[in-house]
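Heads up, the final residue of the sequence shown is numbered 546 in the working numbering, and it's a clean run with no missing numbers.
Ideal Cβ positions, reconstructed from N, Cα and C, are used throughout, including at glycine.
Computed from a predicted model, the values in this text were never measured in an experiment.
To keep things clear, I will list the structure first and then write my remarks on it.
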Amino acid sequence: MAQQPAAAPPQQDEALVTVLAQLLAASDARRFDGAVLREGLQHPDPGVRRQATLAAGRIGDPAAVNLLVPVLADSTMVVRAAAAFALGLLKDTLAVDPLLATVRGRAPDQQDLPQLEAVTALAKIGRTAGARALTVILESASPGGNVPPAPSRALLEAWRLGRRAPIATLIRFADAPDALVRQRAVYSLARLRTPAAVPTLIAALQDRDPTVREAAARGITGSLVDSAKADRRALGARLQPLLQDREPHMRINALRAVASLRDTTLVGAVAPLASDADVGVAVQAETTLGAIGGTAAAQALQARLTSQVFALRRQALIGLAQADSAAGVAAAAAAAGDPDWRWRSVAAEAYDAAGSRVRLEALLADPDGRVVARALQGLQRIVTDSGDAALSGRARELLAHADPAVRSVAADLLTRHPDLDDVDRLAQAYARAAGDPFDDARLSAVAALAAIARGGVAGRLRVANQFLARVPKADDYLVRRLAADTGGGGGGGRAKRHPSSPATRTPIIGTSRDATCCPRSAVGRPPR
């Protein structure tokens, strides 16, 4: 019988758990602790070293760069890869040369995960130094030859460079014999949305490889074609055959591109896809019909309102409201009176699409907070006057609503027109949100207070005295970071989405982070 390996001494297990616990605590709190990180990075266990490198990146303090650079030479490949990934999170140009050396230090046929992560990190760092390094990597390969892993990854990540991306180089690789190379070059060109790439993207719509065609269709739009002074009709002609592609993803991307053209002559090609066997294709066809608009599109959508599939009936109603606002409002009346809150929420979406303020305001009295939140989001979109007194008044009332999502959208509305007299209300809304199951309402209250503070000395003083001086330190990192930033300068907004969807958060000053909440409104099956 084979001898079993000896178990680790209990003291060793406890020590390892202690180090990991310290690393996780520092990472969760986004608190830079040099001593804890050094201990983790020098630990004999590669799993601990990997966790330490990831923690150093997630904490986000530039001081971690000097700790991470030596780890690029770690004896374990996954730790080296984690170090490159973490340096990409920090986005500090001091890491550019070591990352480039990591890529160039391996022969092309030996490039592995650390080199690939280093390429991605360089693209994330960007700026002049990162763009120059990525260009060096790309120019080490030839489109006509065998493209090594690192340059191939650089093609895929080049879109992150934005206006610094090497467009001409990407266009050259978009004509490579290797389908994967073409797909990656076209993918970046599509995401960059640059007029110079329009001829390449239009040509790629006829590529022999479906992944290349799909990447091109995802990025080509009517507005992009206009910016390149190209012919929209030529794009429409290239897209029509793709609507019949055997791959559902290809049909979906082609439909999205057609939607951007707003060409009523294409309704005849789109309408049959509303009955596609693939539900995703059918929903996108309804979406496209709504975007195109016109009598023919509205008639096609009217016919879909009897579907027994929730997703199809929902999108048909929303699309109809886009194509013909009067018809959409009339059709949504039944949904607005449905006993199921989900249909009433769909009615709010339809009223939003139709721009019906009166109908949305009526839904603010709905007994279900999820419907109220969706109606308020619609009003936030269609009422463009940030100083609208009636809507601001309703938002102030709804800061006391029982549903956190409603309070969140209400605070967002007040952010559009900062008012010194709202400081106390927002501070109370922040306190009220302490027991919420997700942090939307607290973050929105802090963002609104930040907007007031940015308005001038009086706003900063009132926020400091009536909010910052009175509330205890938050246990949520996002709230702490946003609250800490209220005293600075600069600014920016953030887009709200339905509370049952992932919400992309852009803190007011200094940093950004994606937070996904899954509140109770996400639970449950759609009505039949």
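Practice item. State the start and end residues of the unbroken alpha helix (DSSP H) segment that holds I189. Key: Locating residue 189 in the sequence shown gives position 171, where the first residue counts as 1. I185 to F191 is the extent of the alpha helix (DSSP H) around I189.
Exercise for review: Provide the residue span of the alpha helix (DSSP H) that contains W177, from first to last.
Suggested key: The residue labelled residue 177 in the question sits at position 159 within the sequence shown. Careful: W177 lies outside any alpha helix (DSSP H) and carries neither H nor E.
Exercise for review: Go to S293, then tell me how far its alpha helix (DSSP H) extends in each direction, as first and last residue.
Suggested key: Stepping through the sequence shown from its first residue, residue 293 is reached at position 275. Where S293 is concerned, there is no enclosing alpha helix (DSSP H), given that its DSSP letter is neither H nor E.
Review point. Whose C-alpha, out of L273, G286, G58 and Q317, is nearest the C-alpha of V301?
Key: The count along the sequence shown starts at 1 and reaches residue 301 at position 283. L273 is the residue among L273, G286, G58 and Q317 whose C-alpha sits nearest the C-alpha of V301.
Practice item. If I'm right that G106 touches T138 with Cβ under 8 Å, what's the distance once you round it to whole angstroms? Key: Counted from its first residue, the sequence shown places residue 106 at position 88. Counted from its first residue, the sequence shown places residue 138 at position 120. With 8 Å as the limit, G106 and T138 qualify as a contact, their Cβ atoms being about 6 Å apart.
Review point. Which whole runs of the beta strand (DSSP E) in the segment 359-428 are 3 residues long or more, in chain order?
Key: Fully enclosed beta strand (DSSP E) runs of 3 or longer: not present.
Point to revise | Where the alpha helix (DSSP H) through N84 begins and ends | key: Residue numbering aside, residue 84 sits at position 66 when the sequence shown is read from its first letter. Note, N84: alpha helix (DSSP H), V83 to L86.
**Study point:** Counted within 10 angstroms of its Cβ, other Cβ atoms place K514 as buried (16 or more) or exposed
**Key:** Locating residue 514 in the sequence shown gives position 496, counting from the first residue. Since pLDDT at K514 reaches only 41, below the 50 mark, its modelled position is unreliable, and no value is offered.
Exercise for review: Give the C-beta separation of R56 and L85 to the nearest angstrom, bearing in mind that I take them to be a contact with Cβ-Cβ under 8 Å.
Suggested key: Taking the first residue of the sequence shown as position 1, residue 56 is located at position 38. Taking the first residue of the sequence shown as position 1, residue 85 is located at position 67. Yes, they are in contact, since the Cβ atoms of R56 and L85 sit about 7 Å apart, within 8 Å.
Point to revise | Minimum C-alpha distance to Q340 - residue among A372, D358, Q320 and A445 | key: One-based indexing of the sequence shown puts residue 340 at position 322. It is A372 whose Cα lies nearest to the Cα of Q340.
Review point. How about L284 and G240: are their beta carbons less than 8 Å apart?
Key: To locate residue 284, count along the sequence shown from 1; it is residue 266. To locate residue 240, count along the sequence shown from 1; it is residue 222. No; because the gap between Cβ atoms is not below 8 Å, this pair is not in contact.
Point to revise | Burial state of A141 (16 or more Cβ within 10 Å) | key: On the sequence shown, position 123 is the one that residue 141 refers to. Buried is the call here.
Check your understanding: Considering only residues of the same chain and omitting the five flanking positions on each side of G298, which have a CB-CB separation below 8 Å?
Key -> Numbered from 1 along the sequence shown, position 280 holds the residue referred to as residue 298. Result list for G298: P266 and I270, in chain order.
Practice item. Compute the Euclidean distance between the alpha carbons of V475 and L486, then round it to the nearest angstrom. Key: Against the sequence shown, residue 475 aligns to sequence position 457. Against the sequence shown, residue 486 aligns to sequence position 468. Their Cα atoms are separated by approximately 15 Å.
Review point. By how many angstroms is the C-alpha of I143 removed from the C-alpha of P520?
Key: Locating residue 520 in the sequence shown gives position 502, counting from the first residue. Locating residue 143 in the sequence shown gives position 125, counting from the first residue. Low per-residue confidence applies at P520: pLDDT is 32, beneath 50, and the placement is therefore not dependable enough to give any value.
Exercise for review: Measure the beta-carbon distance from L291 to L261 and round it to whole angstroms, keeping in mind my assumption that it falls under 8 Å.
Suggested key: As a working mapping, residue 291 is identified with position 273 in the sequence shown. As a working mapping, residue 261 is identified with position 243 in the sequence shown. 6 Å between Cβ atoms; contact.
Exercise for review: Within its chain, find whatever has a CB closer than 8 Å to the CB of A350; leave out the 5 residues flanking it on each side and keep chain order.
Suggested key: For the purposes of this step, residue 350 is identified with residue 332 of the sequence shown, where counting begins at 1. The answer, listed in chain order, is L335, A339, V364, A365, A368, Y369, A372 and R377.
Check your understanding: Once you ignore the five residues that flank M95 on each side, which residues in its own chain have a CB closer than 7 Å to its CB?
Key -> Sequence index remark: in the sequence shown, residue 95 carries index 77 (1-based). Within the same chain, M95 has close Cβ partners D130, L131 and P132.
Point to revise | For G337 and R346, the rounded distance between their alpha carbons | key: Taking the first residue of the sequence shown as 1, we reach residue 346 at position 328. Taking the first residue of the sequence shown as 1, we reach residue 337 at position 319. Here residue 346 is Gly; the residue named in the question, Arg, does not match the sequence. If you take the alpha carbons of G346 and G337, they lie about 8 Å apart.
**Study point:** Same chain, Cβ closer than 8 Å to S206, five either side skipped, listed in chain order
**Key:** Locating residue 206 in the sequence shown gives position 188, counting from the first residue. Taken in chain order, the residues that qualify are L173, L174, E175, A176, W177, A183 and L188.
Practice item. Could you tell me if E232 is buried or exposed, where buried requires 16 or more neighbouring beta carbons within 10 angstroms of its beta carbon? Key: The residue labelled residue 232 in the question sits at position 214 within the sequence shown. E232 should be labelled buried.
Review point. Does the distance from the CB of G78 to the CB of R48 come in under 8 Å?
Key: As a first step, residue 78 must be located in the sequence shown, where it is residue number 60. As a first step, residue 48 must be located in the sequence shown, where it is residue number 30. Taking 8 Å as the Cβ cut-off, G78 and R48 qualify as a contacting pair.
Practice item. Quick one: measure Cβ to Cβ for H419 and G387, integer angstroms, because I've assumed they're closer than 8 Å. Key: Along the sequence shown, one-based indexing puts residue 419 at 401. Along the sequence shown, one-based indexing puts residue 387 at 369. Indeed, because the Cβ distance is near 6 Å, the residues count as touching under 8 Å.
Point to revise | Extent of the continuous alpha helix (DSSP H) to which L210 belongs | key: Stepping through the sequence shown from its first residue, residue 210 is reached at position 192. Per DSSP, L210 belongs to the alpha helix (DSSP H) from A197 to L210.
Point to revise | Coil, strand or helix - A53 by DSSP | key: As a first step, residue 53 is located in the sequence shown; it is residue number 35 there, counting from the start. Here A53 sits in helix by DSSP.
Check your understanding: My guess is that R360 and L381 are in contact by the Cβ rule of under 8 Å, so how many angstroms apart are they, rounded?
Key -> Counted from its first residue, the sequence shown places residue 360 at position 342. Counted from its first residue, the sequence shown places residue 381 at position 363. Not quite, the Cβ-Cβ distance comes to about 13 Å (not below 8 Å), so this is no contact.
Exercise for review: Buried or exposed for L59, please, with buried defined as at least 16 other CB atoms from any protein chain shown within 10 angstroms of its CB.
Suggested key: Position 41 of the sequence shown holds residue 59. It is buried - the Cβ of L59 has at least 16 other Cβ atoms within 10 Å.
Review point. Buried or exposed: Q1, going by 16 or more other Cβ atoms within 10 Å of its Cβ?
Key: A query on residue 1 cannot be resolved here, the shown segment of the chain reaching from 19 to 546 and no further.
Check your understanding: Are the beta-carbon atoms belonging to Q69 and L34 less than 8 Å from one another?
Key -> In the sequence shown, the residue the question calls residue 69 occupies position 51. In the sequence shown, the residue the question calls residue 34 occupies position 16. In this structure, L34 does not lie closer than 8 Å to Q69 by Cβ.
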